[in-house]
Amino acid sequence: MTANVVPPNILDNNYSTQPALVELLLRRDPKGCEHLCESYSAMLYGYIIRIVKDAKAAEQLLEKTFKRICKNIDQYKFSQLTFLTWALQLARSESINYLNVNKLKTVPGNNSFNNTKNDTGAINEIAIFDMIHQGYKIYEVAEILNMPVDEVKINIRKAMKQKTDLN
Numbered sequence: 055m056t057a058n059v060v061p062p063n064i065l066d067n068n069y070s071t072q073p074a075l076v077e078l079l080l081r082r083d084p085k086g087c088e089h090l091c092e093s094y095s096a097m098l099y100g101y102i103i104r105i106v107k108d109a110k111a112a113e114q115l116l117e118k119t120f121k122r123i124c125k126n127i128d129q130y131k132f133s134q135l136t137f138l139t140w141a142l143q144l145a146r147s148e149s150i151n152y153l154n155v156n157k158l159k160t161v162p163g164n165n166s167f168n169n170t171k172n173d174t175g176a177i178n179e180i181a182i183f184d185m186i187h188q189g190y191k192i193y194e195v196a197e198i199l200n201m202p203v204d205e206v207k208i209n210i211r212k213a214m215k216q217k218t219d220l221n
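Residue numbers for the sequence shown follow the numbering used here, beginning at 55 and rising by one.
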């Protein structure tokens, strides 16, 4: 009789497994990258697709995010962030860079710094609003997005106002 193999829980963010994963990644062990993909792909993909709204682009950005995590694992600091928070920050950064590059390619003559800044702000509002609805606390969102709590609150209010204006 063979034992049933239970796949790892995609949303298993038990902190006791994160140090083991980070250790594998620091040693550049291929099993670390495999475990990273198995454990975090669904969560990071869901986060990325909410920002970019394009499945093909989200898959490419997920791959870039995983490569960036594996390449820059030396920069991760246990004392400052959880591994998930750090991974979400990298995914957010990749997604926003993608949107900014594609916005500049698709809109001719859009070289204004203010427009790019406003687009990034709108992206932040959407990401923050989604995270709050997923059950994150305001201080957790602030930590993940590396923003002050007051700025998160302001962005929530803006997103709620935009949503009510659309209805």
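Backbone N, C-alpha and C fix where the C-beta goes; we use that ideal spot for every residue, glycine too. For clarity, every value in this text was computed on a predicted model and none was experimentally measured.
- Under the DSSP assignment, MET97 falls in the alpha helix (DSSP H) whose first and last residues are 84–106.
- At the C-beta level, LEU98 and VAL106 stay beyond 9 Å of one another.
- Measuring C-alpha to C-alpha distances from TYR130 to each of LEU79, ILE103 and LYS110 identifies LEU79 as the nearest.
- For PHE120, the enclosing alpha helix (DSSP H) stretches over residues 109–125.
- Under the three-state reduction of DSSP, TYR130 is assigned to coil, being neither helix nor strand.
- Here the C-alpha atom of SER149 lies approximately 15 Å from the C-alpha atom of SER95.
- Here ALA145 has LEU98, TYR101, ILE102 and THR119 as same chain residues with Cβ atoms under 6 Å from its own Cβ, once five neighbours each way along the sequence are excluded.
- Judged by DSSP secondary structure, PRO73 falls within the alpha helix (DSSP H) whose first and last residues are 72–80.
- With a threshold of 16 other beta carbon atoms within 10 Å, ALA109 falls short and is exposed.
- Out of ARG104, THR139, LYS212 and ILE123, the CA that lies nearest to the CA of ARG82 is found in ILE123.
- The beta carbon of ILE192 sits closer than 8 Å to those of ILE186, VAL203, VAL206, LYS207 and ILE210, all from its chain and outside the five residues before and after it, given in chain order.
- Here the alpha carbons of HIS89 and TYR152 stand approximately 26 Å from one another.
- Take the alpha-carbon of GLN134 and the one of MET214: they are about 30 Å apart.
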